[in-house]
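*Asks:*
In the working numbering, the protein residues as written are 54 to 167.
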């Protein structure tokens, strides 16, 4: 589960080397998937931000329908921004949990090596 200490040849001598086990591999895979999810969330936020109209552009027109559409776009942006914050917050909590789990595995590994 944690890994094994193996002996490797290094030139004319032998060295003991730690090879990570299944638990470390699964933890690393979870960390990579969280990194990809975080990047996707940031990309989505940037796309939404690009679609947001400039504040002064729609206010200059006297058309009430355009003003209402601008307010709807602003409300949609605010909702998507809140959703993004919640999503990133969840990802950060997961990253913290992975860091704590990694520390626990490292402690257990060090105890196993001794």
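Quick reminder that beta carbons are idealized off the backbone N, C-alpha and C, glycines included.
Mind reading off the beta-carbon distance from residue 94 to residue 137? Whole number of angstroms is fine, and I expect it under 8 Å.
*Replies:* Within the chain shown, the letter at position 41 stands for residue 94. Within the chain shown, the letter at position 84 stands for residue 137. Confirmed, Cβ separation roughly 6 Å.
*Asks:* Over the uninterrupted alpha helix (DSSP H) stretch that includes residue 104, give me the two end residues.
*Replies:* Translated into positions along the chain shown, residue 104 becomes position 51. From DSSP, the alpha helix (DSSP H) with residue 104 extends over 75-104.
*Asks:* In whole angstroms, give me the CA-to-CA distance for residue 82 and residue 71.
*Replies:* For the purposes of this step, residue 82 is identified with residue 29 of the chain shown, where counting begins at 1. For the purposes of this step, residue 71 is identified with residue 18 of the chain shown, where counting begins at 1. The alpha-carbon atoms of residue 82 and residue 71 are separated by roughly 19 Å.
*Asks:* Which residues in the same chain as residue 133 place their Cβ atom closer than 7 Å to its Cβ, once the five residues preceding and following it in sequence are excluded?
*Replies:* By one-based count along the chain shown, residue 133 stands at place 80. Taken in chain order, the residues that qualify are 101.
*Asks:* Can you list, in chain order, the residues of its chain whose CB lies under 7 Å from that of residue 75, leaving out five sequence neighbours each side?
*Replies:* Start at 1 with the first residue of the chain shown, and residue 75 comes out as number 22. Same-chain partners within the cutoff: 54.
*Asks:* Report back the beta-carbon spacing between residue 80 and residue 154 to the nearest angstrom; my notes put them in contact at under 8 Å.
*Replies:* Here residue 80 is taken as the residue at index 27 of the chain shown, counted from 1. Here residue 154 is taken as the residue at index 101 of the chain shown, counted from 1. Yes, residue 80 and residue 154 are in contact; Cβ-Cβ is about 6 Å, under 8 Å.
*Asks:* In terms of residue numbering, what span does the beta strand (DSSP E) encompassing residue 56 cover?
*Replies:* Within the chain shown, the letter at position 3 stands for residue 56. 56-63 is the extent of the beta strand (DSSP E) around residue 56.
*Asks:* From the DSSP secondary-structure annotation, give me the bridge partner or partners of residue 70.
*Replies:* Position 17 of the chain shown holds residue 70. DSSP output for residue 70 lists 59 as bridge partner(s).
*Asks:* Have a look at 126, 146, 56 and 124 and flag the residue whose alpha-carbon is nearest the alpha-carbon of residue 88.
*Replies:* As a first step, residue 88 is located in the chain shown; it is residue number 35 there, counting from the start. For residue 88, the nearest C-alpha among the options comes from 146.
*Asks:* How many angstroms separate the CA atom of residue 118 from the CA atom of residue 128?
*Replies:* On the chain shown, position 65 is the one that residue 118 refers to. On the chain shown, position 75 is the one that residue 128 refers to. Near 15 Å, if we compare the C-alpha coordinates of residue 128 and residue 118.
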